[in-house]
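Asker: Got a structure here, written out as structure tokens. Questions coming.
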Amino acid sequence: MIDRINHIASAITESVERQHIASQRISENVEQASVRTHKLASTIAGVSDLAARTEQAASQIRAAISELNQQAATLRDDAERFVERTRAA
């Protein structure tokens, strides 16, 4: 009878140890998932920031192109007037 109780106690102890190991592994996996989630959130924030800066740069480029178009139109008009005056003279 004592051997049977010892066997049962040993089985319970082994089962508790396995459960403890499984709980540790679950805890480690949760921690790793948390770290990866944090890294992913940081990466997403970086991509969002980069997208905002890219949009701002594109806006500045559009403004510069608009300014260049205006300057080109002015230069073209000035050149046409110069040619007209030169022909008239």
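The numbering used here numbers the first residue of the sequence shown as 68 and each following residue consecutively.
Backbone N, C-alpha and C define an ideal beta-carbon position, used for all residues, glycine too.
Note that the coordinates shown come from a computational prediction; the quantities given were computed from them, not determined experimentally.
Quick check on the DSSP output: the alpha helix (DSSP H) that includes ALA108 runs from which residue to which?
Answerer: Element bounds for ALA108: 69-155.
Asker: Expressed to the nearest angstrom, what Euclidean distance is found between the alpha-carbon atoms of THR121 and THR110?
Answerer: Whole-angstrom Cα-Cα distance: 16 Å.
Asker: With a CB to CB cut of under 7 Å and the five nearest residues on each side skipped, what residues in its chain are close to SER133?
Answerer: Same-chain partners within the cutoff: there are none.
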